[in-house]
Amino acid sequence: MHIPYEHLTRAQKLFLYVETRQPILDEKAIFSDGTNFYRMPQEPTSKDVIKIRIRTAKNNVELVWLCSEEKKIAMSVEFSDELFDYYSADMPPIGKLVKYYFEIHAGNLKCYYNKRGVTREPDAYYHFMMVPNFKTPDWAKGAVMYQIFVDRFNNGDPSNDVVDNEYLYVGKLAKKVKKWTQYPNPDGIREFYGGDLQGVMDKLDYLKELGVDVVYMNPIFVSPSNHKYDTQDYDSVDPHFGTIVMDGGKVLDEIKPDNNNATKYITRTTEPANIEASNALFVKLVEKAHALGMKVILDGVFNHCGSFNKWMDREKFYAHARNYEAGAYTSNASPYVTFFHFHNRQSWPDNPHYDGWWGYDTLPKLNFEGSPKLYRYVLEVAKKWVSPPYNADGWRLDVAADLGYTKEFNHQFWRDFRHAVKGANPEALILAEHYGDPSDWIKNGDQWDTVMNYDAFMEPITWFLTGMEKHSDEFRGDLLGNHRAF
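Right, here's the structure in full:
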């Protein structure tokens, strides 16, 4: 039975020292990772000799091997300090993906070290990886990111607030929360506190003082929800977050609400003057952030849009607006009809038979395979917002692995997305939302830069603090407050 070093009595340690002719292995002292101290260069080209390091307790091990599929290289102590020895070895230039791990000997004991830590057997799933010529933005390495849910952050311009009964969404009328300190309604997706981009701008100096390097905002494009993961117009910052120059129109009747009569919402979200002013405010926000030495990342929702989207127009807002073409919901002659997968081709006008993400009809899934026009359009959107005059510093990609209908197509799209975004702004970050192993999207260096660290951070923190699974589907009392479990 393996007993952790810190649990051994002094007598046990002395016995093991005699038996193994070496101090018992101090596993907690062993460490390596992919940062530029333990791997130099951190992102090697195909021409670089790569120095790999690992740390052990001082005078605690006899032999360390650097192991890959190709070979085992003996490592030697490069230097030491009061507590640790630092072993290193040079790996020759690599021309393809290389996975590596460490084999450590201490007396009669042998163990392995990989991304998971000390193990008794090597496990390829957790090997360290290197991809030659895979470059990610230096500014993102070690950066402190601050996530902002814009509606709940700071109200810098009350004149753009959603007003009561402005429109109907998922069966209920939109409402303005009157008291900022009021707790949110659990189902309050159409309740608005009034936070906006001006509110974010007003707090940038404060965020700088906190030590924030990157501001990551949840979606800011036109959308009827407060979370805005149901995009209505990818080309336009929502004027409720931006600037409303032209206002007017009526709110809905509380007794018989009908979005055909939501003329105030239609005016606010489709008037070109409002769109232009709101996009210009985003430019100012990025300029101020950059002047303070901070970056700004946008949230891109490209797997699906919203049923309010001008391409679908299920609520017929754009049928009442100026200079917009018919939506796919209303007409099979719409230029956007291929943007979605309709199951019943005989149901127009008002065809409700389309794919929705996870079956939600408010979140129509985008049909990239069936529409080269949509494919090109979204790539142009991706380039637009990281290019002048907007100059966002990257994208966080919502449910990125779900995009498309096959895994092969998904990978091809993200290859093209990377080519488009990096071509427009080589220093833009591509950060994907992903649960599970992201290796297939990262291992070749041609798709995402990195992923949100759900598995290694959010999951254990959620279990530790609440005892609950991340979606509150399971309670584990043995994990609540139990740091040893992680």
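For the sequence shown, numbering that gives the first Met the number 0 assigns the number 0 to the initial residue and increments by one for each residue that follows.
For every residue, glycine included, the Cβ atom is placed at its ideal position computed from N, Cα and C.
Asked                                                                                                                      : Found
Inter-stretch contact at 8 Å, needing at least 3 Cβ pairs: the stretch 322-337 / the stretch 242-255                       : no
C-beta contact flag for Ile-49 and Leu-65 at 8 Å                                                                           : no
C-alpha distance - Trp-394 paired with Phe-101, whole-angstrom precision                                                   : 35 Å
At least 3 beta-carbon pairs within less than 8 Å: the stretch 465-483 vs the stretch 439-451                              : no
Extent of the continuous beta strand (DSSP E) to which Met-200 belongs                                                     : From DSSP, Met-200 is part of no beta strand (DSSP E) but of the alpha helix (DSSP H) over 196-201.
Distance between His-410 and Lys-294 (C-alpha atoms, nearest Å)                                                            : 27 Å
Element boundaries [beta strand (DSSP E), containing His-104]                                                              : 97-105
Three-pair Cβ contact test at 8 Å for the stretch 103-117 versus the stretch 410-427                                       : no
Cut-off 6 Å between Cβ atoms - residues of its own chain near Leu-96, not counting five sequence neighbours on either side : Val-130, Lys-442
DSSP state of Glu-493 mapped onto helix, strand, coil                                                                      : No answer is possible for residue 493: the residues shown for the chain start at 0 and end at 485.
Nearest-angstrom beta carbon gap, Asp-204 and Phe-220 [assumed within contact, 8 Å]                                        : With 8 Å as the limit, Phe-220 and Asp-204 do not qualify as a contact, their Cβ atoms being about 26 Å apart.
Sequence-distant residues of the same chain with beta carbon closer than 6 Å to Val-380, five excluded per side            : Tyr-233
Whether Leu-365 touches Phe-341 by CB criterion (8 Å)                                                                      : no
Closest by C-alpha distance to Asp-186, when choosing among Thr-55, Lys-178, Asp-195, Lys-171                              : Lys-171
Cβ pair count under 8 Å reaching 3, the stretch 297-309 against the stretch 271-279                                        : no
Under the three-state DSSP convention, the category Met-0 falls into                                                       : Confidence at Met-0 is low in this model, with a pLDDT of 49, below 50, so its placement is unreliable and the value that follows should be read with caution. Of the three classes helix, strand and coil, the one that applies to Met-0 here is coil, per DSSP.
Proximity to Gly-241 [Cα-Cα], best of Tyr-99, Phe-316, Gln-197, Asn-58                                                     : Gln-197
Environment of Ser-75 [buried if 16+ CB atoms lie within 10 Å]                                                             : exposed
Sufficient close CB pairs (3 or more, under 8 Å) joining the stretch 222-231 to the stretch 160-177                        : yes
Helix, strand or coil at Val-211 according to DSSP, with G and I counted as helix                                          : coil
Residue span of the alpha helix (DSSP H) that contains Asn-409, given as start and end                                     : 406-423
Option in Asn-184, Asp-25, Ala-88, Ala-173 with minimal Cα separation from Leu-108                                         : Asp-25
Cβ-Cβ separation, Ala-423 to Leu-396 (assumed contact under 8 Å), whole Å                                                  : Not a contact, Cβ separation roughly 16 Å.
Paired residues, beta bridge with His-226 - DSSP                                                                           : His-226 is not bridged to any residue.
Ordered list of beta strand (DSSP E) runs contained in the stretch 26-61, each at least 3 residues                         : 49-56
Residues near Pro-388 by beta carbon distance below 7 Å, same chain, minus five either side                                : Val-282
Straight-line Cα distance separating Arg-54 from Phe-36                                                                    : 11 Å
Inter-residue spacing [alpha-carbon to alpha-carbon] between Thr-118 and Tyr-335                                           : 54 Å
Classification of Pro-43 by the beta-carbon crowding that lies within 10 angstroms, buried from 16 upward                  : buried
is_contact[Tyr-317, chain D] using C-beta, thresh 8 Å                                                                      : Protein chain content of the structure displayed is limited to a single chain, and chain D is not contained in it.
Delimiting residues of the alpha helix (DSSP H) encompassing Tyr-264                                                       : 262-269
Cβ contact check for the stretch 186-195 and the stretch 269-276: 3 or more pairs under 8 Å                                : no
Alpha-carbon to alpha-carbon, Tyr-264 and Ser-45                                                                           : 55 Å
Integer Cβ distance of Gly-210 from Val-143, believed to fall under 8 Å                                                    : 6 Å
Residue range of the beta strand (DSSP E) that includes Phe-78                                                             : 71-79
Contact set for Tyr-434: own chain, Cβ-Cβ below 6 Å, skip 5 residues either direction                                      : Tyr-453
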